[in-house]
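Below is one structure, written out as structure tokens; the observations come after it.
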Amino acid sequence: MAERYISLEGIGRRYPNPAGGGHTTIFEDLWLTLPKGTFTCIIGHSGCGKTTVLNILAGLDQSSEGVVVVDGTAIEGPSLDRAVIFQSHALLPWKTVIGNVAYAVRSKWPSWSRAAVLEHARRFIALVGLAGAEDKKPAHLSGGMKQRVGIARALSLQPKILLMDEPFSALDALTRGTLQDEVRKICQETGQTVLMITHDVDEAIYLADRIVLMTNGPGAVIAEVVENTLPVTRDRLDVHRHPAYYPLRNHIIDFLVTRSKAFEAERRALELAGTPWQARQPRLVRPGFSDPTLAITPATAAMSA
Ligand SMILES: Nc1ncnc2c1ncn2[C@@H]1O[C@H](COP(=O)(O)OP(=O)(O)O)[C@@H](O)[C@H]1O
Ligand SMILES: [Mg+2]
Numbered sequence: 393m394a395e396r397y398i399s400l401e402g403i404g405r406r407y408p409n410p411a412g413g414g415h416t417t418i419f420e421d422l423w424l425t426l427p428k429g430t431f432t433c434i435i436g437h438s439g440c441g442k443t444t445v446l447n448i449l450a451g452l453d454q455s456s457e458g459v460v461v462v463d464g465t466a467i468e469g470p471s472l473d474r475a476v477i478f479q480s481h482a483l484l485p486w487k488t489v490i491g492n493v494a495y496a497v498r499s500k501w502p503s504w505s506r507a508a509v510l511e512h513a514r515r516f517i518a519l520v521g522l523a524g525a526e527d528k529k530p531a532h533l534s535g536g537m538k539q540r541v542g543i544a545r546a547l548s549l550q551p552k553i554l555l556m557d558e559p560f561s562a563l564d565a566l567t568r569g570t571l572q573d574e575v576r577k578i579c580q581e582t583g584q585t586v587l588m589i590t591h592d593v594d595e596a597i598y599l600a601d602r603i604v605l606m607t608n609g610p611g612a613v614i615a616e617v618v619e620n621t622l623p624v625t626r627d628r629l630d631v632h633r634h635p636a637y638y639p640l641r642n643h644i645i646d647f648l649v650t651r652s653k654a655f656e657a658e659r660r661a662l663e664l665a666g667t668p669w670q671a672r673q674p675r676l677v678r679p680g681f682s683d684p685t686l687a688i689t690p691a692t693a694a695m696s697a
């Protein structure tokens, strides 16, 4: 087992009800560990709290309870060691492409000379395929190009931890594919620890080592963690030919279509079967190899409901 690097320890997030009186619990008692150098995706329906989890880990939001521990220390607020790629690029509109990236580089390495900052920024702009567009302002870039600048900015910080919130969701299929390849290559080369939110099952299967399945909210839980059984050397264009691909994909789709909304019943069935679901230790499943949930069909779950 790889070293535990990031751990979410019993985190919860509640919001006061707008009408007054009481709170809505988005999720509570959420436990998850991310080993160093691994790529984890979170999948779950809209509104279950994925962005909230990522923002808490980024230090941009505070949990109502529980702690996030990174490398042995509980985090307090944001850090340049944890870079975020947002769903929409969030660029400074008055700065050029290189200005946006250089701004981030300067904030991490304030003692660097102007030339060193620009050279570093230029390297990452080229890495995401934007060489030649350095002096353009965001208003003059396509959506895909703006997202690339956001990616270059986050990568230029050479963060130990890369957090991505549906980074490719607004892009056309071609751009999305290219950027998935680039990000995967960079993450493999740098050994960064990555947490990414997506609702694209194929994207998760291509990129992630582990896929965290989150149930619908309010009161969302991590139902289980799916281990990616595809070879690490996989290629985006032919992952679907691998024998492990369909068991993996079907397992995740089944979760999204039925299990994510009926997890209470499944939980009761697991309890009855003597293998209770445990918040502190989300089950690791390997679809197609060992899958304890296969014993629980929608019919048996309904019987125990
Ligand atoms: N500032 C807020 N006040 C009240 N509720 C919020 C606030 N921010 C998010 N929520 C609620 O928290 C839930 C989870 O939101 P979010 O983390 O954005 O979900 P996801 O990213 O999975 O779509 C949603 O139901 C949303 O309405
Ligand atoms: Mg979200």
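Just so we're aligned: 414 in our numbering is position 22 of the sequence shown, and the numbers increase by one with no gaps anywhere. We put the CB at the ideal spot given by N, CA and C, even for glycine. Predicted model, so just to flag it, every value in this text is computed and none were measured.
Let me know the beta strand (DSSP E) ranges lying completely inside the region 473 to 536, each 3 residues or longer, listed in chain order. The region 473 to 536 contains these whole beta strand (DSSP E) runs: 474 to 477.
I need the DSSP call for E698, collapsed to helix, strand or coil. The chain is shown only over 393 to 697; residue 698 falls outside these bounds and no answer can be derived.
Under 8 Å between C-beta atoms of A596 and C433: Yes, the pair counts as a contact, with Cβ atoms nearer than the cut-off.
Shorter than 7 Å, the distance from the beta carbon of Y598 to the closest heavy atom of ligand 1, or not? Y598: no, Cβ never under 7 Å from ligand 1.
Distance check for L446 and L452, CA to CA, integer angstroms please. Linking L452 to L446 through their CA atoms gives a straight-line distance of about 9 Å.
Let me confirm a value: E616 is counted as buried when at least 16 other C-beta atoms fall within 10 Å, else exposed. Which label applies? Classification for E616: buried.
When the Cα of T625 is compared with those of V677, K577, G524 and G542, which residue comes out closest? Of the listed residues, the one whose Cα sits closest to T625 is K577.
Distance, V575 Cα to S455 Cα: Cα-Cα distance, rounded: 29 Å.
Chain-order list of residues whose beta-carbon lies under 7 Å from that of E526 (same chain, five-residue window excluded): Here the set comprises T488, V489, I490, R514 and I517.
Could you please give me the residues that DSSP links to H415 through a beta bridge? H415 pairs with P408.
Which runs of the beta strand (DSSP E), 3 residues or longer, sit entirely within the region 613 to 663? The region 613 to 663 contains these whole beta strand (DSSP E) runs: 614 to 619.
With 16 as the cutoff for other CB atoms within 10 Å, does D557 come out buried or exposed? By the neighbour-count definition (other C-beta atoms within 10 Å, threshold 16), D557 is a buried residue.
Within 10 Å of its beta-carbon, does A383 have 16 or more other beta-carbons around it, so buried, or fewer, so exposed? Because the chain spans 393 through 697 in this model, residue 383 falls outside it and cannot be assessed.
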